[in-house]
Structures are given as C-alpha cells and as structure tokens.
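Asker: Before we start, here is the structure in question, set down as structure tokens.
Below you can see the structure in the form of structure tokens.
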C-alpha cells in the first residue's frame with residue numbers, strides 16, 4: 001500500500017527563456033496547486049479559515065491558501081482538482097505508542113471481545129492456527145468490558161492452551177495475563193515477591209496469572225524478543241493504520257532504544273511517512289540516543305527525539321493508578337506510585353538539564369499531585385520554554401486543577417478514555433471523587449494548554465472518535481444522555497485545536513505543522529464530510545479518503 | 001579546525017542564455033577543476049596512472065582525470081590551482097577503532113613512555129593536574145617497550161595514586177592495569193575467578209593488577225561510562241586525527257551500540273567527514289542496529305554498518321593469542337580461544353545469514369586455523385560475494401597459509417605491528433615458528449586479497465609509517481638491516497593498493513572510493529612529496545597538507 005501510493009514529486013523543469021529570469025532560483029518556479037477543495041483550517045490564533053485552493057512549494061510546504069476569487073498562478077508544475085471535497089489539516093495524536101500499535105496489529109487482538117468466553121475462543125483458535133509460534137502473544141483484553149467482576153486467571157488460559165506459554169496484555173498496557181506455562185518459563189512461584197511499583201495478583205497465596213505494572217517485567221523478561229524484521233513489519237503496519245485515520249504526526253510516548261533503531265532503519269530506507277515526535281522511555285535510553293540534548297528533526301522533518309517519558313503511576317483499570325485515598329472498590333489499596341518524590345524529581349531534573357522535554361504519565365490524583373509538586377520545584381531552576389507535560393491527568397484532585405495553569409504545564413489527555421472508562425472510574429473512585437476527572441474544560445479555563453490523543457493501541461487511533469467524545473462526553477451508543485459531567489465538554493473548535501495545532505505545540509513543532517498556512521508543512525487529509533457541520537454521530541463516522549504529508553499523497557482509501 | 005576548514009560548495013548559478021541550454025539539467029553545468037597537480041592514482045586494474053588535473057562533478061565525484069595536454073573546460077564554477085603539488089587518493093585504514101582513538105586522545109597517553117618509571121611519573125602528574133577526575137584513565141602502555149620483563153602491578157600504581165581508582169589500558173587493547181582502589185571498586189579479591197577467555201594475573205595467589213582479555217570486563221564494569229558529550233568530543237578528536245593523516249575512509253572494527261549512536265548524532269548534525277565502514281561489535285548489537293541486514297550508506301556515503309566483528313582470540317603481548325603449541329616464553333600456556341568451534345561458527349553463520357560481512361580477529365595460529373575451518377564449512381552454505389575477513393592474521397601455521405587463497409578470504413593486516421612487535425613475537429614463539437608470521441607477500445602469492453591498516457589507537461593511524469614498513473620490514477630506526485623476514489616484503493604499489501583501493505574492496509565500497517577515476521568519490525590528499533619516488537625514510541616522513549573528501553576540503557595543515 002505504502003509503496004504504491006502515488007506521490008507528488010515536483011519536476012525541476014526550467015521554463016524561463018531569458019538570462020534574467022534564468023537567474024531566478026529554479027525551485028521557486030516549481031509550484032503545485034491543490035484546487036477546488038472545501039478547505040478549512042485554524043489560523044495561528046485558532047480562528048477557522050476557509051479556502052478553496054492550496055498552493056504548495058516544491059519542498060512540500062504550504063505557499064498560500066487561495067479563496068475562490070483568488071487568481072490561480074499560470075505556471076504550475078502540477079495541479080490536482082479535488083472536485084469540491086473537504087480538505088482539513090492532518091491530525092496530531094499527542095499520545096500514542098507506535099510500535100505497540102504495530103505489534104497489536106500483528107498479534108492476537110482481544111479488544112473486540114465482549115466476554116471471557118469469547119476471548120478464550122479467540123485465543124484457542126489463534127493458537128491452533130499458529131502452531132509455529134512458540135509463545136502465543138496478544139493483548140487488548142479488559143475485564144471491565146467483559147463485565148467479569150474479577151481479573152482473568154492462568155487457569156482460564158490453561159483450560160484452552162497448556163502446551164506453550166500464553167501472554168496477553170491488558171488493553172491499557174498496565175497488566176499481563178499469563179498461563180501456567182508462561183509463569184513456569186518465567187520462574188514465577190508462590191514465593192516470587194512483587195517488585196516495587198508492581199503487583200503479582202494472588203489467589204489463595206498462589207500467583208493468579210495477572211501481573212500489574214512493574215510486575216509485568218517478571219513475565220516479559222522470559223518472552224522472546226521480537227526479531228528486527230518483525231519490528232520493521234510492525235512499524236509499517238502501525239504507520240499504515242495511523243495514516244488511514246488521517247494522523248500525519250504523532251507523539252510516541254516511551255520510545256525504547258530498539259524502537260528508535262527501528263524508526264531510523266525506516267527513515268534510512270525512505271519508509272518514514274508519518275511524523276514522529278519521540279519521547280524516549282526513561283532518561284537513560286534518551287541520553288544514549290540524543291546525547292547532549294534532543295535530536296534535530298531527521299529525515300526531512302519525519303522523526304525527532306523531543307523529550308523523555310516517565311511514569312508516575314499505573315492505570316485505573318488494574319488499580320495501579322496512585323490515589324490520595326483508597327479505591328472505593330478495593331478498600332485499603334491506593335495504587336502504585338512508581339517513584340519517590342525525590343527520585344522522580346531527580347529524573348525530571350536530569351532530563352531538563354539537557355533540555356529534553358519532560359512528559360510524565362500521571363493518572364491518579366496522588367500521582368498528579370506528585371508531578372505538579374516536582375514541576376513547581378524544578379520550574380525555579382529550569383526557566384524558559386519548557387512545556388512540561390502531564391500525560392493523561394485523568395483523576396486530579398479539584399484542589400490541584402488550578403496548578404495546571406502554572407508554568408505552562410500541558411495537559412495531554414485522551415477523550416475516548418473518558419467515554420470508555422467512566423463506569424469503571426465511578427466504581428474505582430465512587431461518585432464523590434469525580435469532580436476532577438477528565439476535566440478538559442477546566443484545564444482550558446485554568447489556562448493550561450490542552451492537547452488530545454488516543455493512547456493507541458489502548459484505544460483506536462481514530463481522531464474522529466476522540467473529537468466526537470470531546471464535544472459530547474458520550475460514547476458511540478449516545479450514553480449517557482446529555483453527556484457525563486457535561487460541564488467538561490469542550491467546543492468543536494477547541495477539540496480540533498487540541499487534535500491539531502496544539503498537539504504540534506506540545507511537541508515543539510508548531511512552526512512545522514498542525515495547521516495549514518504559509519510556511520507550514522503541507523500535511524492534510526481529504527475526508528468524506530465537513531466535520532465542522534456534522535452532528536456528533538456523523539462526526540464520529542467521518543472517513544478519511546486521502547492522507548498527504550509534506551505535499552505527497554501517502555495513503556488513499558481503496 | 002573542522003568547522004573553519006574552507007570547503008568547495010558548487011554554486012548553482014545558471015549561465016545559459018537560451019531556452020535550449022536552459023533546459024539542460026542545471027547540475028551538469030556546475031563543475032569544478034583541481035588543476036596543476038602532480039597527480040597519481042591506481043586504476044581499477046591496479047596500474048599507476050598520472051594526471052595533472054582532476055575534474056569534479058557538483059556532487060563531489062571524479063568526472064575525469066586530465067593530462068597536461070587535455071583541454072580544460074571553458075565553463076567552470078570553481079577552479080583550484082595546486083601549483084604542482086602532489087595529489088594522491090585518500091587512504092583507507094582497514095582496521096581501526098575510531099572511538100578508541102578519540103578517548104586515547106582525551107585521556108592519558110602512555111604510548112610515548114620508554115620505561116615504567118616514566119609512565120609512573122606521567123600518571124602521577126596527570127592525576128595531580130586533574131583532581132576532578134574521579135577515575136584516572138588512560139592507555140598505551142606496553143611492558144615490552146619498557147623492557148620490563150614482567151607486567152606492571154597494582155603496587156606500582158598504588159605507590160603514586162592510592163586515593164582513587166587508576167585504570168590504564170595496554171597498547172593493544174587486550175589488557176588493563178589497575179591500582180588497588182580500582183580493584184576494590186570492582187570487587188576483585190583473591191577469590192575472584194578468571195572468566196572464560198580471560199585471565200586475572202596473580203602474584204602469590206593475589207590479583208597482581210593486570211586483567212587480560214575477557215577479564216578486563218571485571219574492571220570495566222566498575223568504570224563510569226563516558227557521558228554522551230564526552231563521546232561527541234572524542235569522536236571529533238579522532239576524526240581530526242584521521243584526516244590529518246590523510247585517512248578519508250576507515251573500517252571501524254567492533255562498533256558498540258553507543259558508538260554507533262555517536263556516529264549517528266555526528267551525521268545528523270552534519271559533522272561526519274571521514275567515511276566509516278562499521279563492523280558491529282558482535283552479532284547482537286549489529287542486528288539491533290541493522291535489523292535484517294547491513295544498512296545502506298548513510299549521510300551521503302559517510303557511514304555504513306557493513307558487517308560484524310567477532311573475536312577469535314586475544315593478543316600476543318599479553319599472551320592472549322591462541323597458539324597451537326605453548327608460548328616459548330611461558331611453557332604450558334597456549335593463550336585464549338574466546339569461543340568453541342561450534343559457537344564461533346554459529347555466530348558467523350547467524351551474521352552471514354542476514355548478509356552481514358564477517359570479520360574475525362585471529363592472531364595466534366590456533367585461532368587462525370579455527371576461523372579458517374569455520375569459513376571452510378560456512379562457505380558451502382553462504383555462497384556469492386561474501387568477502388570473509390580475518391583481522392590481523394599475524395601468526396599463521398605455514399600449513400594454513402594457502403587456505404587464505406580459498407573462498408576469497410581477505411587478510412586484513414597491519415604492517416606496523418610487524419615492526420613494533422617482531423622482538424616480542426620472537427620471544428613468544430621462538431625462532432622456529434615464525435615462518436607464517438606477518439606473511440604479507442605469501443598472502444598475495446596465495447591469491448588472498450591483502451589489505452592494510454594501523455589498528456589505531458594501538459599504533460598511530462599514519463599510513464606512511466605503514467607503507468614504509470610494508471616495503472622494508474624495518475622500523476623507523478632502520479632495523480633490522482635488510483628487513484625482518486624480508487621475503488614477506490611487498491612492492492610499493494602492492495602496499496599502496498592495500499592502503500587504498502583494496503581497503504575499499506574489503507568493505508564492499510570499491511565502487512565508491514579507494515582510487516581516483518570516473519564516478520569515484522573525490523577523496524584525495526595533497527602531500528609534501530611524491531611517495532612513489534621517495535626512499536623509505538622519506539616515504540615514512542611524508543606529511544599530509546590537505547585532505548579532501550567528496551570534493552570538499554575537510555582538513556588543512558596550519
């Protein structure tokens with residue numbers, strides 16, 4: 001698909017006939033026009049601008065937006081008639097996991113399953129269809145959407161596959177479900193101790209088969225590492241999926257060294273299409289890659305190591321999110337803080353010292369408070385344009401919400417998490433502690449830059465699902481009526497910003513992309529309807545027809 | 001120095017005045033001429049060609065060699081008059097350690113020391129001049145050139161520095177010399193066991209302070225890792241040193257992952273000048289970098305992961321070289337084979353499977369036989385143009401010498417090792433076993449491609465020292481009279497090939513560089529005399545005045 005996508009390559013044919021014009025730089029004569037579009041973008045102040053033509057430079061930038069009455073240039077190297085179709089800027093997903101998405105697409109996907117029995121049937125079918133796979137790997141399960149009322153167990157898996165290890169990752173990436181063969185391969189026994197920041201689920205003193213957060217590593221170390229060729233394939237799968245949803249740039253949250261090396265291989269071979277703002281997984285690997293600071297943009301603005309991703313806590317579904325008060329549905333448990341106040345502040349400081357941007361995962365109110373405290377302290381030392389990021393910022397103590405307005409802290413949030421998780425969040429927290437939950441509008445009111453993403457592969461990368469959720473706080477089923485905590489709804493334009501130009505800002509890339517205007521990269525999508533006119537149901541159903549990056553068509557619906 | 005070096009950048013000014021000529025591709029008009037040179041190169045058959053002008057293309061390749069009577073083009077963007085100076089192709093060092101050279105230049109260099117006392121004085125002075133360094137690091141020592149008759153000891157170091165760790169690497173990189181503080185930091189005690197492939201030197205049952213080959217890791221793991229900024233600095237130091245000796249391309253033998261990441265940072269920032277043919281240190285890191293095979297040439301032909309470097313044994317000086325019969329000066333010791341026959345063959349096979357070129361370090365006759373055996377077996381499976389390399393091939397059983405002529409095995413050898421090490425080799429092996437030592441001419445007679453390098457920083461990267469050694473088998477002092485084992489002398493042109501075009505061949509780069517001819521990269525040096533006319537003493541004293549890579553001047557003597 002990628003290789004055969006037609007692409008716009010400006011021809012450097014020289015048309016001038018006199019010495020005087022021949023001395024004009026050649027490039028300036030080689031322009032292209034995307035004409036006859038129903039075009040919409042935000043300008044740099046966030047106001048909607050409409051246009052009918054898009055004039056491109058030979059190096060794939062926007063030269064100018066043209067209105068219907070603007071005269072089209074006489075001399076063009078290339079021209080496309082879009083026949084009135086809708087053209088909008090490409091989307092920026094501010095929080096995703098590129099390689100995670102790729103492997104999810106290559107391995108068994110349990111996300112669509114509605115019950116444990118359905119999941120078991122899929123696993124059994126997959127294992128028998130893939131006898132050559134020595135480990136049966138997959139992910140996407142969620143005991144909440146199965147209405148199981150408990151975690152699944154190793155025994156559930158043993159009943160269907162006992163001859164080889166099975167390991168399935170939870171949808172949120174914060175827990176693993178293993179069968180007995182996998183636990184045996186990993187050397188797990190009743191005596192194995194839960195590591196700091198992790199939890200081995202137990203039943204009657206025996207490991208039950210679920211490993212939460214830092215305990216996941218106990219199993220992961222036994223899983224064979226993917227081969228480099230599998231990484232290449234996974235990347236191409238992920239990229240194609242992102243492009244098919246109109247995502248032209250993405251933050252990659254927690255890039256490992258091997259993932260970085262994969263992106264470089266892709267870039268070297270000319271296979272990078274989507275723009276990746278990479279946040280290295282931890283300080284150590286980031287510094288190994290970037291050396292004395294973030295890399296520059298590589299491969300013609302396709303890849304950059306921007307900053308460092310750190311984890312403050314786990315996730316709500318697996319009760320790893322770190323709360324100020326115990327879970328409503330697990331008295332005595334308050335979740336897992338991954339690091340002490342000193343350690344997380346020191347790591348953030350180490351990263352900031354070399355001007356890496358710092359992005360910290362914080363889901364529970366205690367974790368959010370910890371990161372806010374750390375930023376309060378570090379902002380004294382590290383002045384200038386730092387753009388501290390808190391990822392998810394899901395459950396925030398209302399008393400802490402105004403603190404996002406200080407030091408320019410970016411709230412990097414995922415609208416679909418709210419609609420997918422609201423009943424689970426109610427169970428985990430009880431009704432009294434939801435005032436600061438998924439508080440998008442309050443973030444904006446407090447002056448915090450709000451940016452949106454999907455956390456793919458935890459959720460689908462489809463930005464239209466997120467956009468619709470953001471303006472309704474309702475799921476695809478239209479529930480709940482009027483929206484959940486509707487005071488946190490944001491406007492259509494606010495959500496659009498958060499999925500485009502502000503996402504670029506959050507990755508220090510606002511001069512490069514995020515909207516369509518003079519000098520910006522020509523990253524845009526052709527969609528099948530006007531998302532500014534569509535009702536929420538229609539908006540959610542919007543389909544991408546073509547995706548263009550840097551003035552080249554890189555994906556097309558077939 | 002690097003940044004200020006003037007460089008040739010073709011100007012894309014258009015001179016044509018009519019439509020017809022204006023349609024000619026612009027690039028073809030932008031040529032440059034290096035004129036009035038005493039030019040010499042080898043042609044692709046290895047014959048000497050002389051020329052007086054070098055016509056370059058705008059992208060830094062050789063368009064044509066011009067003789068005195070050839071008409072010079074009328075239209076040129078750029079022209080340099082070299083006033084008759086001598087111009088020859090840039091040198092290719094087929095075996096070096098780029099980052100090792102850089103750190104040697106940054107740390108304490110003991111290579112010039114002539115006695116243990118002199119070394120101790122230098123270490124003491126360096127330690128007191130650098131009180132901020134928590135570890136005192138350096139290298140270049142050689143107990144042979146000190147005429148010490150034994151290894152140095154921790155006690156020797158303790159007498160001068162006892163307050164902090166001191167670790168000094170042997171000149172050949174195959175042993176470390178540590179003081180007691182370093183051994184304490186590394187947790188070394190009398191009970192510490194020598195690892196496979198390594199040896200902890202002992203005196204009276206106690207570790208003496210010298211750690212050979214695989215035992216070096218016991219100390220190294222305690223040494224603080226260099227910071228990324230130190231790596232950057234070390235790289236730039238090394239590059240400048242290589243360019244100052246006229247080396248325009250080098251094999252980097254055993255690139256670690258962090259070294260590769262350093263080269264990429266340099267390439268990304270536009271700081272790569274010298275061309276690096278990288279051989280990854282071991283299969284695992286190579287595959288992490290290259291994925292399913294060698295990389296392509298990156299950064300406009302400046303960096304490529306070509307293959308994998310493996311170690312068959314240690315070195316002669318530290319008695320780590322693996323011999324068929326015991327050392328003459330250490331009865332009962334036969335040195336260290338790093339891997340079993342099966343393991344080394346499997347690693348070579350794993351690399352060859354994905355078309356990585358395989359380069360194996362083998363110094364002793366037993367190690368050479370092991371690698372030859374492995375190639376014999378693997379060549380059945382991995383057909384085609386594989387260019388198996390044996391690095392050093394120093395001490396070969398005369399019975400094994402003809403085996404280098406089979407399977408196209410490349411003998412990658414270092415002339416200066418012969419002149420530096422001959423008395424040590426005589427001591428280690430005794431006179432009866434030297435018939436296959438440093439057997440350059442025999443390699444050629446047997447039809448094995450012979451390529452030369454310096455093994456910098458073990459020796460100076462100066463190719464003129466190597467060239468002079470190759471045609472004399474005498475040291476800088478002219479000893480021994482008539483040359484050591486003079487039947488292994490090679491001709492001036494044979495040595496030149498081995499330091500240029502055949503070095504490119506050994507890295508699968510003969511289409512890119514290694515000589516001056518149509519389509520080759522314009523990599524050349526201006527030197528202060530004619531190396532084809534000079535007597536050996538004069539040849540050895542040749543100085544590089546300018547170094548050009550890809551048509552750009554990248555180094556100039558000040």
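Residue numbers (the UniProt record's numbering), protein chains in the order written: chain B, 1 to 558; chain X, 1 to 558.
Built from N, CA and C at the ideal position, the CB exists for glycine as well.
In terms of residue numbering, what span does the beta strand (DSSP E) encompassing residue 176 of chain X cover?
Answerer: Taken as a continuous stretch (DSSP letters only), the beta strand (DSSP E) holding residue 176 of chain X covers 175-178.
Asker: Is there a Cβ from chain X that is less than 7 Å from the Cβ of residue 301 of chain B?
Answerer: No, residue 301 of chain B does not count as interfacial toward chain X.
Asker: Figure out for me which residue from X/345, X/423, X/238 and X/271 has the closest Cα to the Cα of residue 329 of chain X.
Answerer: It is X/423.
Asker: Give the DSSP-derived three-state secondary structure of residue 410 of chain X in the structure shown.
Answerer: Of the three classes helix, strand and coil, the one that applies to residue 410 of chain X here is strand, per DSSP.
Asker: Using a Cβ-Cβ cut-off of 6 Å (strictly less than) and excluding sequence neighbours within five positions of residue 503 of chain X, which residues of its own chain qualify?
Answerer: Here the set comprises 92, 94 and 451.
Asker: So who's on the other strand from residue 247 of chain B, going by DSSP bridges?
Answerer: Answer is B/91, bridged to residue 247 of chain B.
Asker: Quick check on DSSP: helix, strand or coil for residue 67 of chain X?
Answerer: Of the three classes helix, strand and coil, the one that applies to residue 67 of chain X here is coil, per DSSP.
Asker: Taking the straight line between their C-alpha atoms, what separation do you get for residue 56 of chain B and residue 81 of chain B?
Answerer: Going from the Cα of residue 56 of chain B to the Cα of residue 81 of chain B covers about 14 Å.
Asker: So within the region 270-329 of chain X, which uninterrupted alpha helix (DSSP H) runs reach at least 4 residues, ignoring any that extend past its ends?
Answerer: Counting only runs of 4 or more, we get 283-290.
Asker: Tell me whether residue 115 of chain B is buried or exposed, calling it buried when 16 or more other Cβ atoms sit within 10 Å of its Cβ.
Answerer: So residue 115 of chain B ends up on the exposed side.
Asker: Tell me whether the region 322-341 of chain B and the region 288-303 of chain B touch, counting them as touching only if at least three CB pairs, one residue from each stretch, are closer than 8 Å.
Answerer: Result no; under three Cβ-Cβ pairs closer than 8 Å.
Asker: In this structure, how does DSSP classify residue 494 of chain B when only helix, strand and coil are distinguished?
Answerer: Helix at residue 494 of chain B.
Asker: What are the start and end residues of each continuous alpha helix (DSSP H) run of 4 or more residues lying completely inside the region 341-414 of chain X, in chain order?
Answerer: Runs of the alpha helix (DSSP H) inside the region 341-414 of chain X: 341-353 and 365-381.
Asker: Does DSSP put residue 467 of chain B in a helix, in a strand, or in coil?
Answerer: It is helical.
Asker: On the three-state DSSP scale, how would you describe residue 24 of chain X?
Answerer: Bear in mind that the predicted position of residue 24 of chain X carries a pLDDT of just 31, short of 50, making it too unreliable to give a figure here.
Asker: With 7 Å as the threshold, decide whether the Cβ of residue 310 of chain B is near any Cβ in chain D.
Answerer: In summary, chain D is missing from the structure at hand, where the protein chains are B and X.
Asker: Assuming the contact rule is C-beta atoms closer than 8 Å, residue 414 of chain X and residue 363 of chain X should be a hit. Round their C-beta distance to whole Å, please.
Answerer: Rounded, the Cβ-Cβ distance is 11 Å, inconsistent with contact.
Asker: Please confirm whether residue 29 of chain B has its beta-carbon closer than 7 Å to some beta-carbon of chain X.
Answerer: Low confidence applies to residue 29 of chain B: its pLDDT is 40, below 50, so where it sits in the model is not reliable, and the reading given next is rough at best. No, no contact with chain X.
Asker: Quick one: what does DSSP say residue 36 of chain X is sitting in, helix, strand or coil?
Answerer: If DSSP states are grouped into helix, strand and coil, residue 36 of chain X belongs with the strands.
Asker: Which of the three DSSP states is assigned to residue 188 of chain X in this structure?
Answerer: If DSSP states are grouped into helix, strand and coil, residue 188 of chain X belongs with coil.
Asker: Could you tell me if residue 514 of chain B is buried or exposed, where buried requires 16 or more neighbouring beta carbons within 10 angstroms of its beta carbon?
Answerer: The residue in question, residue 514 of chain B, is buried, as its Cβ has 16 or more Cβ neighbours within 10 Å.
Asker: Assign residue 168 of chain X to one of three DSSP states: helix, strand, or coil.
Answerer: Looking at residue 168 of chain X - three-state DSSP - the assignment turns out to be strand.
Asker: Relative to the C-alpha of residue 310 of chain B, which candidate in B/490, B/52, B/254 and B/475 has its C-alpha closest?
Answerer: Cα-wise, what sits closest to residue 310 of chain B is B/254.
Asker: Jot down the residue ranges of each uninterrupted alpha helix (DSSP H) in the region 418-463 of chain B, minimum 4 residues, whole runs only, in chain order.
Answerer: Runs found: 440-445.
Asker: Out of X/271, X/419 and X/203, point me to the one whose CA is closest to residue 454 of chain X's CA.
Answerer: Per the Cα distances, X/419.
Asker: So residue 170 of chain B and residue 130 of chain B are in contact, right, with Cβ under 8 Å, and what is the actual spacing, rounded?
Answerer: Residue 170 of chain B to residue 130 of chain B, Cβ: 21 Å. No contact.
Asker: Taking the CB atoms as reference points, tell me whether residue 489 of chain X and residue 448 of chain X lie closer together than 7 Å.
Answerer: For residue 489 of chain X and residue 448 of chain X, no; Cβs fall outside 7 Å.
Asker: May I ask you to report which of helix, strand or coil DSSP gives residue 502 of chain B?
Answerer: Residue state, collapsed to three classes: helix.
Asker: Mind pulling the chain X residues with CB within less than 8 Å of residue 289 of chain B?
Answerer: Per Cβ cutoff of 8 Å: 261.
Asker: Who are residue 527 of chain X's beta bridge partners in DSSP?
Answerer: Paired residues: X/86 and X/544.
Asker: Give every residue of the same chain whose Cβ lies closer than 7 Å to the Cβ of residue 238 of chain X, excluding the five residues on either side of it in the sequence, and list them in chain order.
Answerer: So the qualifying residues of the chain are 98, 99, 101, 102 and 105.
Asker: Establish whether the CB of residue 268 of chain X and some CB of chain B are separated by less than 7 Å.
Answerer: Closer than 7 Å: yes.
Asker: Which residue or residues does DSSP assign as beta-bridge partners of residue 508 of chain B?
Answerer: In DSSP, residue 508 of chain B forms no bridge with anything.
Asker: Would you list, in chain order, the members of the region 217-249 of chain B that have their beta-carbon closer than 9 Å to a beta-carbon of chain X?
Answerer: Against chain X - using a Cβ distance shorter than 9 Å - the residues of the region 217-249 of chain B are 227, 228, 229, 231 and 232.
Asker: Please list, in chain order, all residues of the same chain as residue 259 of chain X whose beta carbon is under 7 Å from its beta carbon, the five residues on each side excluded.
Answerer: Correct list, in chain order: 99.
Asker: Please state if the CB of residue 320 of chain B and the CB of residue 174 of chain B are separated by a distance shorter than 7 Å.
Answerer: For residue 174 of chain B and residue 320 of chain B, yes; Cβs fall inside 7 Å.
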